Amino acid sequence: MASIRNLNDRMQTYIEEYRRLTARLSETGFIWPGHIQRRYLTCGKPNCVCHTDPEARHGPYAYWTSKKNKKTVSRLLRPEEADLLEEWIKNRRKLEAVVRHMKGLSQKAANVALKLQEQEKPG
Ligand SMILES: [Zn+2]
Numbered sequence: 070m071a072s073i074r075n076l077n078d079r080m081q082t083y084i085e086e087y088r089r090l091t092a093r094l095s096e097t098g099f100i101w102p103g104h105i106q107r108r109y110l111t112c113g114k115p116n117c118v119c120h121t122d123p124e125a126r127h128g129p130y131a132y133w134t135s136k137k138n139k140k141t142v143s144r145l146l147r148p149e150e151a152d153l154l155e156e157w158i159k160n161r162r163k164l165e166a167v168v169r170h171m172k173g174l175s176q177k178a179a180n181v182a183l184k185l186q187e188q189e190k191p192g
């Protein structure tokens with residue numbers, strides 16, 4: 070059985086790691102849902118070379134896609150909009166990774182906290 074000292078040390082490590090993660094949360098910039106895909110497309114002109122040569126297709130066009138009320142929504146973005154939202158989507162992914170890490174750490178901390186409670190019980 071792990072000693073109280075040992076458990077307290079582990080708890081301290083988790084607390085410090087958790088603080089580092091919450092500090093990263095506070096530095097998070099704006100976030101945006103969904104993802105951006107860049108696509109090359111054929112046009113409406115019947116004689117355009119894009120219909121016969123895949124290399125000559127037009128684009129890339131940036132499309133943003135997300136789920137809204139369980140429905141997939143998609144929208145063509147202007148280039149400057151795509152650059153901005155790509156950054157914000159990157160921020161969201163980092164944030165989600167930090168939150169996943171926090172959840173995992175909380176799980177470990179709960180195990181240790183419960184063991185400590187058990188050992189500190191009188192008798
Ligand atoms: Zn074309």
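For what it's worth, my numbering labels the leading residue of the sequence shown as 70, then goes sequentially. All C-beta atoms, glycine included, are put in the ideal place defined by N, C-alpha and C. Please read all numbers here as calculations on a predicted model, not as lab measurements.
- Under the rule that a run must span 3 or more residues, the beta strand (DSSP E) segments found entirely inside the segment 131 to 176 read 140 to 146.
- By a beta-carbon distance limit of 8 Å, Y130 does not contact L153. Their separation comes to about 16 Å.
- In the DSSP annotation of this structure, the continuous segment of the beta strand (DSSP E) that includes R108 starts and ends at H104 to L110.
- Scanning Y83, P148 and S95 for the CA closest to the CA of A179 turns up Y83.
- In the three-state DSSP reduction, P129 falls in the strand class (E or B).
- Distance between R107 and K184, taken at the CA atoms: about 51 Å.
- In this structure, L164 keeps its C-beta atom at 7 Å or more from the C-beta atom of I73.
- H170 and Y87 have their C-alpha atoms some 9 Å from each other.
- Of the other Cβ atoms in all chains shown, fewer than 16 fall within 10 Å of the Cβ of V168; this residue is therefore exposed.
- About 6 Å separates the CB atoms of T97 and N160; that is less than 8 Å, so the two are in contact.
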